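Q: Below is the structure I would like to discuss, written out as structure tokens.
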Amino acid sequence: MSNFTPMIQQYLTIKAQYKDAFLFFRLGDFYEMFFDDAIKASKELEITLTSRDGGQERVPMCGVPYHASENYIKQLVSKGYKVAICEQVEDPKEAKGVVKREVVQLITPGTVMEGSMLDERENNFLAAISPLEQETYLLSYNDLTTGETWMMKYENGMEGIIHELFNLSVKEVVIPSTLSDEDKLFLEKRLGITLSVEDQIDLPEEYRYLVKNLENEGYIQGFARLFQYIHRTQKRNLDHLQPVSWINQEQYMQIDMYSRRNLELVETLRKQGKKGSLLWVLDQTVTAMGARLLKKWLERPLLSLDEIESRHKKVQGFLEQMFQREALRDALSNVYDLERLAGRVSYGNVNARDLLQLKKSLGQVPMIMDLLQEFSETELKRLSYTMDPLSDLYALLDESLHEDPPLSIKEGGVMKDGYNQVLDDYRYAMKNGKKWIVELEQKERIATGIKSLKIGFNKVFGYYIEVTKSNIPNLPEGRYERKQTLANAERYITPELKEKESLILEAEEKSMGLEYDLFLELRQKVKEYIPQLQLLAEQISQLDVLQGFAVASERYQYIRPSFTNDRKVNISEGRHPVVEQVIESGEFVGNDTVMDNGTDIFLITGPNMSGKSTYMRQVALIAIMAQIGCFVPCKSAELPIFDQIFTRIGAADDLVAGQSTFMVEMLEAKNALTNATENSLILLDEIGRGTSTYDGMALAQAIIEYIHEHVHAKTLFSTHYHELTDLEQQLSKLKNVHVRAEEYEGRVVFLHKLFDGAADESYGIHVAKLAQLPELLIDRAHTLLHQWEKASLRSTSKETNNREEQLELFEEATTKKSNSGKEHPVVKELKKLNLLDMTPLDAINKLYELQKKLK
Ligand code: ADP
């Protein structure tokens, strides 16, 4: 290393402390990267790789301009990398030798503060995991932009944590270096997120107030790990951090990661976008804070009847007074992101425009409070008493901030006239001086008779008098002092002008400096209000989410559900909140769900595409909507409070874990069967499909029996194993229902309507006939069906062991082996189709194509 130039040596010393980050090394107007960083960054950012003489060798180098760096940093951070910003920390003019440099901030995926890198309607969480005792872990997570921190405990290993991290879209997790390799691998493999190590677990005394809600030292250390990492990476004030909120998981409905994805609560399975999710329909919020809170509510539906009903009451109140609600909505829409503004105030990166936004937001609060007073619903009225408009802060901002300040806080124009006497004096001097100059111009024009004479200003020469070349002969000799010659003009100065100039410039410089100081002082004063601002932000976000529920409920005709405590479900004409929005209006067919005390399981049969999974999902979505405090899509609903929801729906592979479909299916089933209680809701869609028929059917039946005998949860079970419908005779709490499709003028018409009883068995052949498959083939199918029916009758009546024979028969049929024993290509192709990924039209087209091949 000793042969490198001093600067490269400095680089290497700093880089050694930030091995896992790209080191952005400030050199003049650029951030440069060297060595491996340069090679990697040039690829990731698609910028040119060059090299620089490093003393003992040429060193690979690439760089990005300082002013455009945010975009490059964003690219790297969004790919999961960290970026260490290394600045010059002394004036190059005063430096002896190499300019001193230090890392001033480590930007990581979980600690991004820059507005342009964040989605304003989403939280950006950084999490930390701390093992406590055997199999018990603490999880804490923080959004640095809003200052909120949450914490909870998991007692059964990492699985629960993985689900939570996934649900929260956490991009970075802080762990102790001692975390087992197995756990590390688990996190990396399952979630593919950035892992960062932090072993410091003591909390500085001045931040102890953050842990007042935590019970014991172990928990405090768990938070301290997160805190220390933030502190170490951000290297600045963290006064906006809010006390840690402890989450007691027993107080919320549990929905695991699989179910959350299957139910498409916040994003769709296929496109992974918000559009098409429940959030998409319910998000009628008008503030970014409200949008973030809604997502959190969807994350944790409530279990407490009182809390749920308190939300419902407010929604009802909003629904009953539409005019007041609309006025309130208007007022809310003028409230900026108080939470993030408060964060930036403490972080030290607010400008005058931000504070102006704060002022405007506070200006809305008295109106919001008045409007709340106008509601008859007492819970809404009461909210207005709990709000504090922070009038002092408003007044302070109002008297200090200019109405239209520039972006920069260093170039003046930020503070209002009349706020500070000294500033006013400087401004007066400047204004006076400038007025004097305008008058001088006038005076000199008259004195010289040169109408085009003008006084200008530039940064190098200051104020000057300019006379065009053609007018110079008219200028009295010696009147001015020559300063600069241009192509077609001369520029002059006078001692008087220079004197005024220095007065103006001095006043200007002083006023800018003073304004900057005044602004920092103002920011400091605002900082004292951060806790109140955060409380206000919370109140406003809640109002926003609840008014949004009312808007959605009115727009989409949701009704207020009621709750029972005897496990009865009674939904009349329930609808799927998302499907009803994406199909033509009025087309959605409502379906009832009546599961009284004597019914725990619905066994749902019916052809593909008839609406089985839509029906199952809608029951779960209605339950979730009810428990987050929203109204629900149906004519009437009486519901129990579900403690957990489990689903096994669709054929989506677990992309995260890279597991096989069938394995995921079984994992999801296991999850449901081991954790569900009689107060849970289970949805199982076509379980057992991923294996051979008898295998699958046997599993499906065993699962149903197990739920019936041991779990007792309300369960919706759809299946294409028609044989299972016989279970109705043996299992008293199981009921057959089916979704029917009918033939109309030679076409299949899906009624999407649920009926009691089992579906017609030979439905598939029927459809094949409608699709005009060769008659010979249809006849053969009928014959086979009858053979199997007979075979299965024989086996059940005699209970003989002729399963082998059936299997053979079955396999022969299902694989449709041709005489040569080789599988027919059409059958092969059929097997490969993923019907769940096809639209009905695609399916018909495919069928047509296959049929053509057979003809
Ligand atoms: P299955 O699970 O029986 O294969 P789906 O539930 O996936 O069927 O429904 C297939 C399609 O039918 C849906 O995408 C939707 O467009 C339509 N659909 C389902 N249920 C209804 C309904 N109740 N009313 C109107 N259309 C429906």
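In terms of my numbering, the sequence shown is residues 100 to 954.
We put the beta carbon where it would ideally sit given N, CA and C, even for glycine.
As the structure is a prediction and not an experimental result, all values here were calculated from the model.
(1) With a CB to CB cut of under 7 Å and the five nearest residues on each side skipped, what residues in its chain are close to R1033?
(2) Which value, in whole angstroms, describes the spacing of the CA atoms of V755 and V269?
(3) For G153 versus F121, is the C-beta spacing smaller than 7 Å?
(4) Using the Cα positions of A636 and V434, report the straight-line distance between them to the nearest angstrom.
(5) For F224, count neighbouring Cβ atoms within 10 angstroms of its own Cβ and tell me buried if that reaches 16, exposed if not.
(6) Check whether the Cβ atoms of L953 and V925 lie closer than 7 Å to each other.
(7) Taking Cβ to Cβ, would you say Y130 is nearer than 7 Å to S177?
(8) Using 8 Å as the Cβ pair cut-off and three pairs as the minimum, do the stretch 674-692 and the stretch 842-859 touch?
(9) Return the CA-CA distance between E186 and P504, expressed in angstroms with no decimal places.
(10) Identify the continuous beta strand (DSSP E) that holds K252 and give its terminal residues.
(11) Leaving out five residues before and five after E438 in sequence, what residues of the same chain have Cβ atoms less than 7 Å from its Cβ?
(12) Say the cut is 6 Å; is the CB of F326 nearer than that to a heavy atom of the ligand ADP?
(13) Where does Q155 fall in DSSP's three states?
(14) Among W345, N336 and L798, whose alpha-carbon lies nearest the alpha-carbon of E963?
(15) Excluding the five sequence neighbours on either side, which residues of its own chain have a C-beta within less than 7 Å of the C-beta of Q320, listed in chain order?
(16) Go ahead and label I571 buried or exposed: buried means 16 or more other beta carbons lie within 10 angstroms of its beta carbon, across all protein chains shown.
(17) Which residue's Cα is closest to the Cα of L302: Y657, R331 and Y655?
(18) By Cβ distance below 6 Å, which residues in the same chain neighbour L783 in space, the five residues on each side in sequence not counted?
(19) What residues in its chain sit with their C-beta under 8 Å from that of F854, if we drop five residues either side in the sequence?
(20) Identify, in the order they occur along the chain, each residue of the same chain with its Cβ nearer than 8 Å to the Cβ of S610, setting aside the five sequence neighbours on each side.
(21) Leaving aside the five residues before and after L958 along the sequence, list all residues of the same chain whose C-beta is less than 6 Å from its C-beta, in chain order.
(22) If you run the structure through DSSP and keep just helix, strand and coil, what is H809?
(23) Hey, out of E600, V537 and P660, whose CA is closest to K558's CA?
(24) Reducing DSSP to helix, strand and coil, say where D936 ends up.
(25) Under 8 Å: do the stretch 867-877 and the stretch 729-746 share three or more Cβ pairs, one atom per stretch?
(26) For a test of the three-state rule: what should DSSP assign to Y117, helix, strand or coil?
(27) Applying the 10 Å Cβ sphere with the 16-neighbour rule, what's the burial state of E767?
(28) Checking 7 Å against the spacing of the C-beta atoms, do I508 and A441 come in under that value?
(29) Give me the residue from Q341, N778 and R659 with the minimum Cα distance to L725.
(30) Comparing the CB of K711 with every heavy atom of the ligand COA, is any distance shorter than 6 Å?
(31) Leaving aside the five residues before and after Q583 along the sequence, list all residues of the same chain whose C-beta is less than 8 Å from its C-beta, in chain order.
(32) Looking at the structure shown, is T547 part of a helix, part of a strand, or coil, going by DSSP?
(33) So, V566 versus L552, is the Cβ gap smaller than 7 Å?
(34) Around the C-beta of L940, are 16 or more other C-beta atoms found within 10 angstroms, so that it is buried, or is it exposed?
(35) My parser needs the beta strand (DSSP E) runs of 3 or more residues fully inside the stretch 257-307; what are they?
(36) On the premise that I603 lies in contact with K533, defined as a C-beta separation below 8 Å, what is that separation, rounded to the nearest angstrom?
A: In short:
(1) Residue 1033 is absent from the structure shown; the chain starts at 100 and stops at 954.
(2) If you number the sequence shown from 1, residue 755 lands on position 656. If you number the sequence shown from 1, residue 269 lands on position 170. Here the model assigns V755 a pLDDT of 43, short of 50, so the residue's position is not dependable, and the following value carries that caveat. About 14 Å.
(3) Numbered from 1 along the sequence shown, position 54 holds the residue referred to as residue 153. Numbered from 1 along the sequence shown, position 22 holds the residue referred to as residue 121. Using a Cβ distance threshold of 7 Å, G153 and F121 do not count as a contacting pair.
(4) Along the sequence shown, one-based indexing puts residue 636 at 537. Along the sequence shown, one-based indexing puts residue 434 at 335. Answer to the nearest angstrom: the Cα atoms are 9 Å apart.
(5) Stepping through the sequence shown from its first residue, residue 224 is reached at position 125. Label assigned to F224: buried.
(6) Here residue 953 refers to the residue found at position 854 when the sequence shown is read from its first residue. Here residue 925 refers to the residue found at position 826 when the sequence shown is read from its first residue. Yes, they are a contact pair.
(7) Taking the sequence shown and counting its residues from 1, one reaches residue 130 at position 31. Taking the sequence shown and counting its residues from 1, one reaches residue 177 at position 78. Taking 7 Å as the Cβ cut-off, Y130 and S177 do not qualify as a contacting pair.
(8) Pairwise C-beta distances place the stretch 674-692 in contact with the stretch 842-859, as three or more of them are shorter than 8 Å.
(9) For this step, residue 186 is matched to residue 87 along the sequence shown. For this step, residue 504 is matched to residue 405 along the sequence shown. Straight-line Cα distance between these residues: approximately 28 Å.
(10) Translated into positions along the sequence shown, residue 252 becomes position 153. In the DSSP assignment, K252 falls within the beta strand (DSSP E) that extends over E247 to Y253.
(11) Within the sequence shown, residue 438 is the residue found at index 339, counting from 1. These residues qualify, in order along the chain: T245, M388, Q633 and A636.
(12) Position 227 of the sequence shown, counting from 1, holds the residue named residue 326. Answer for F326: no, Cβ out of range of the ligand ADP.
(13) Mapped onto the sequence shown, residue 155 falls at position 56. In this structure, DSSP gives Q155 a state outside helix and strand, which the three-state scheme calls coil.
(14) Coverage of the chain is limited to positions 100 through 954, which leaves residue 963 absent and any answer about it impossible.
(15) Against the sequence shown, residue 320 aligns to sequence position 221. These residues qualify, in order along the chain: S229 and I300.
(16) If you number the sequence shown from 1, residue 571 lands on position 472. By the neighbour-count rule (16 or more Cβ atoms within 10 Å), I571 is not buried but exposed.
(17) Translated into positions along the sequence shown, residue 302 becomes position 203. Among Y657, R331 and Y655, the Cα nearest to that of L302 belongs to R331.
(18) Start at 1 with the first residue of the sequence shown, and residue 783 comes out as number 684. Cβ neighbours of L783 beyond the five flanking positions: R747 and F816.
(19) Residue mapping note: residue 854 aligns to position 755 of the sequence shown, counting from 1. Excluding residues within five positions, the ones whose Cβ falls inside 8 Å are V836, H837, V838 and R839.
(20) Counting from 1 along the sequence shown, the entry for residue 610 is found at position 511. Excluding sequence neighbours, S610 sits near G511, L522, Y525, R526 and M529.
(21) This structure cannot settle anything about residue 958, because the visible part of the chain is limited to 100 through 954.
(22) Within the sequence shown, numbered from 1, the residue matching residue 809 stands at position 710. Under the three-state reduction of DSSP output, H809 falls in the helix class.
(23) Taking the first residue of the sequence shown as position 1, residue 558 is located at position 459. When each option's Cα is compared against that of K558, the closest is E600.
(24) For the purposes of this step, residue 936 is taken as residue 837 along the sequence shown, with counting starting at 1. The answer is helix: DSSP assigns D936 an H, G or I state.
(25) Too few Cβ pairs lie closer than 8 Å, so no.
(26) Counting from 1 along the sequence shown, the entry for residue 117 is found at position 18. When secondary structure is reduced to three states using DSSP, Y117 falls in the coil class, being assigned neither helix nor strand.
(27) Reading the sequence shown from its first residue, position 668 is the one you call residue 767. Taking all protein chains shown into account, E767 has 16 or more neighbouring C-beta atoms within 10 Å of its C-beta and is therefore buried.
(28) Within the sequence shown, residue 508 is the residue found at index 409, counting from 1. Within the sequence shown, residue 441 is the residue found at index 342, counting from 1. Against a cut-off of 7 Å, the Cβ pair of A441 and I508 comes out as no contact.
(29) Within the sequence shown, the letter at position 626 stands for residue 725. One detail in the question is off: residue 725 reads as Ala in this sequence, not Leu. With respect to the C-alpha of A725, the residue from Q341, N778 and R659 having the closest C-alpha is R659.
(30) Within the structure as shown, the ligand COA is missing, the only ligands being the ligand ADP.
(31) Translated into the one-based positions of the sequence shown, residue 583 becomes position 484. Excluding sequence neighbours, Q583 sits near F560, Y563, E589 and R590.
(32) By 1-based counting over the sequence shown, the position of residue 547 is 448. T547: helix per DSSP, three-state reduction.
(33) For this step, residue 566 is matched to residue 467 along the sequence shown. For this step, residue 552 is matched to residue 453 along the sequence shown. Yes, the Cβ-Cβ distance between V566 and L552 is below 7 Å.
(34) Position 841 of the sequence shown holds residue 940. Classification of L940: exposed, given that the 10 Å Cβ count is below 16.
(35) If we require 3 residues or more, the beta strand (DSSP E) runs fully inside the stretch 257-307 come out as 271-274 and 293-296.
(36) Position 434 of the sequence shown, counting from 1, holds the residue named residue 533. Position 504 of the sequence shown, counting from 1, holds the residue named residue 603. Contact annotation, K533 with I603: C-beta distance approximately 7 Å; criterion of less than 8 Å satisfied.
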